[in-house]
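Enquirer: Sharing a structure below in structure tokens format, with a few things to ask.
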Amino acid sequence: MLCRPKTVMRRAIVVAVAATTLVAGTAATGGAATTIPLVLAQSTAFSILGRSCGGIQERVFATGFDATTGYPIGDVYMQTRCGGSGRGGGYHTTTYSAWAAATWDLTGALVAESRLASAPTVDPTFTAFDAYGNEVSNVSNTASLLLVDGFVPPPRVTGLSVNIGPTSGGTAVTISGTGFDTGDTVSFGAEPAAAVVVNSSTSITAQTPAMSAGTIDVVVTNAGGTSATSAADQFTFAAAPTVTGLDPSSGPTTGGTSVTITGTNFTGATAVAFGDVAVAFTVDSDTSITATSAGTTDPPGDAADVTVTTPGGTSAKSLADRFTYTATAPNIVVAPSSGPSRTRVVVSGDNFQPGELVRVTYLTGLTAPHPRTVALCHATADAIGSFTCHGRIPGLAAAGALGDHAIIATGA
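Under our numbering, residues -17 to 394 are what the sequence shown spells out, in order.
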């Protein structure tokens, strides 16, 4: 056990898990150190115990400084009692308890905890110092961290609000952590961030710089040092997608054509659009997407750029992404579709030009001097290009030999 140097000035942070809220102590007269009890969130303590029915009682014992991180470590005993009414008004309680190993950073914030399989051996009078002269000690089942006067804890990054963005930069990222202060700098890999704003001791907002595609660590630096890297600080710069081909590259103005889009960097695609219209799609691979073409009110022959959007941006427009709209072939339905001569039929059709005069004709199969065609009916296509008219199949004398005969509809 190390002895505490008499010449070192310190301020205290108590690493105590004795309640479920953060409580700041009051500085005593004469400049005594400020004591800050630190706690496990109630939900965390209950999750370790596996019960959430009563209050939590805890005792914490420091065991030293972690050899890798330099953070204070300790063991925490937790206990809760659960009770209930029994038959006949009887009442009993069940006590649940557990030990957990815990790590705090040098600001006193909890870093990690894990349940222990058995009770550890603890020293209620333990004291130890790190290389800077910071001290951990146990007093009355409370572990205290005393920092050397003037010591600045290095920052710690615990999370990013956004972990992917385009290589062009400009993504606003909120960095969560501890030990942040005015004047801190932020770097994405080796590149400094733009527009850094320290919101609080636990939050910084920074803007990504332009960088090559890849995954890097986001680090914060202050007078105490630079944050250690971890999986929690990683940000991915994604290259923008490109569209290099469409198959097929044309389809009817009504839409509904299944189109295979080829290109690059499609993984994580969030949108596919034909012109300004977003469509349904499936990402088949990093180089292939299947999408369904949108309909259009533009005339046949017009084309739309097919674009793909990912966290890396939206594909640039080019001749390779042009989807050309074609006219939809008109079609008709005859009811009934067969029968003897002089049968009355209803002919309906669609995909004609709105307002177009449509003439329906019966083909007899005869040659001159016999009539090759006989008019059945006519109608004007409505606003969406559809029509309906009624007619009668000609008699056998006009219809020629028995067999199949055609009915056609011709627009103006």
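Glycine included, each C-beta is placed from N, C-alpha and C at the ideal position. Note that the coordinates shown come from a computational prediction; the quantities given were computed from them, not determined experimentally.
Using 8 Å as the threshold, is the C-beta distance between residue 349 and residue 376 below it?
Expert: Not closer than 8 Å, so no.
Enquirer: Less than 8 Å between the beta carbons of residue 310 and residue 232, yes or no?
Expert: Going by C-beta atoms, residue 310 is not nearer than 8 Å to residue 232.
Enquirer: What is the residue span of the alpha helix (DSSP H) that residue 26 lies within?
Expert: Unbroken alpha helix (DSSP H) run through residue 26: 24 to 31.
Enquirer: Would you check if the distance between the CB atom of residue 226 and the CB atom of residue 207 is smaller than 8 Å?
Expert: No, these two residues do not count as a Cβ contact at 8 Å.
Enquirer: Can you have a look at residue 331 and say buried or exposed, based on whether 16 or more other CB atoms are within 10 angstroms of its CB?
Expert: Burial call: buried.
Enquirer: Thinking C-alpha only, which one of 212, 273, 259 is nearest residue 265?
Expert: Out of 212, 273, 259, 273 has the C-alpha closest to the C-alpha of residue 265.
Enquirer: Please go through the same chain and pick out, in chain order, the residues whose beta-carbon is closer than 6 Å to the beta-carbon of residue 135, but skip the five residues on each side of it.
Expert: Closer than 6 Å at Cβ, skipping near neighbours: 88, 89, 161, 206.
Enquirer: Count the other CB atoms, across all protein chains shown, that sit within 10 Å of the CB of residue 292; report buried if there are 16 or more and exposed otherwise.
Expert: That one is buried.
Enquirer: Would the beta-carbon of residue 81 fall within 8 Å of that of residue 58?
Expert: Yes.
Enquirer: Using only alpha-carbon positions, find the residue among 60, 94, 304, 47 that is nearest to residue 78.
Expert: Comparing Cα positions, the closest option is 60.
Enquirer: Determine the extent of the beta strand (DSSP E) in which residue 244 is found, giving its start and end residues.
Expert: Counting along the chain, the beta strand (DSSP E) containing residue 244 begins and ends at 240 to 246.
Enquirer: For the region 229 to 283, which segments carrying the beta strand (DSSP E) assignment without a break, of at least 3 residues, lie completely within its bounds, in sequence order?
Expert: Segments of the beta strand (DSSP E) lying fully in the region 229 to 283: 232 to 234, 240 to 246, 253 to 256, 263 to 267, 270 to 274.
Enquirer: Under three-state DSSP, which class holds residue 357?
Expert: Looking at residue 357 - three-state DSSP - the assignment turns out to be strand.
Enquirer: I'd like the list of long-range same chain contacts for residue 369, defined as Cβ closer than 6 Å, with 5 residues on each side in sequence excluded.
Expert: Only 331, 340, 361, 363 meet the Cβ criterion.
Enquirer: Since residue 229 and residue 242 are thought to touch, with beta carbons under 8 Å apart, how far apart are those beta carbons, to the nearest angstrom?
Expert: Sure, about 5 Å apart at Cβ, within 8 Å.
Enquirer: Is it the case that the Cβ atoms of residue 159 and residue 126 are separated by a distance below 8 Å?
Expert: The answer is no: Cβ separation not under 8 Å.
Enquirer: Return helix, strand or coil for residue 303, following the three-state DSSP convention.
Expert: Residue state, collapsed to three classes: helix.
Enquirer: Could you tell me which of 172, 43, 133 sits nearest to residue 110, measuring between CA atoms?
Expert: When only C-alpha atoms are compared, the closest one is 43.
Enquirer: Is the number of C-beta pairs between the region 281 to 289 and the region 314 to 321 that are closer than 8 Å three or more?
Expert: The region 281 to 289 vs the region 314 to 321: no contact.
Enquirer: Let me check one thing: in DSSP terms, what residues is residue 372 bridge-paired to?
Expert: Answer is 328.
Enquirer: For residue 401, collect the residues of the same chain with a Cβ closer than 7 Å to its Cβ; drop the 5 residues on either side in sequence, then sort them by chain order.
Expert: Absent from the model: residue 401. The displayed extent of the chain is -17 to 394, so no value can be given.
Enquirer: State the start and end residues of the unbroken beta strand (DSSP E) segment that holds residue 287.
Expert: Note, residue 287: beta strand (DSSP E), 285 to 292.
Enquirer: Around the Cβ of residue 27, are there at least 16 other Cβ atoms within 10 angstroms (buried) or fewer (exposed)?
Expert: The residue in question, residue 27, is buried, as its Cβ has 16 or more Cβ neighbours within 10 Å.
Enquirer: Under 8 Å between the Cβ atoms of residue 221 and residue 294?
Expert: Their beta carbons are under 8 Å apart, which means residue 221 touches residue 294 by this criterion.
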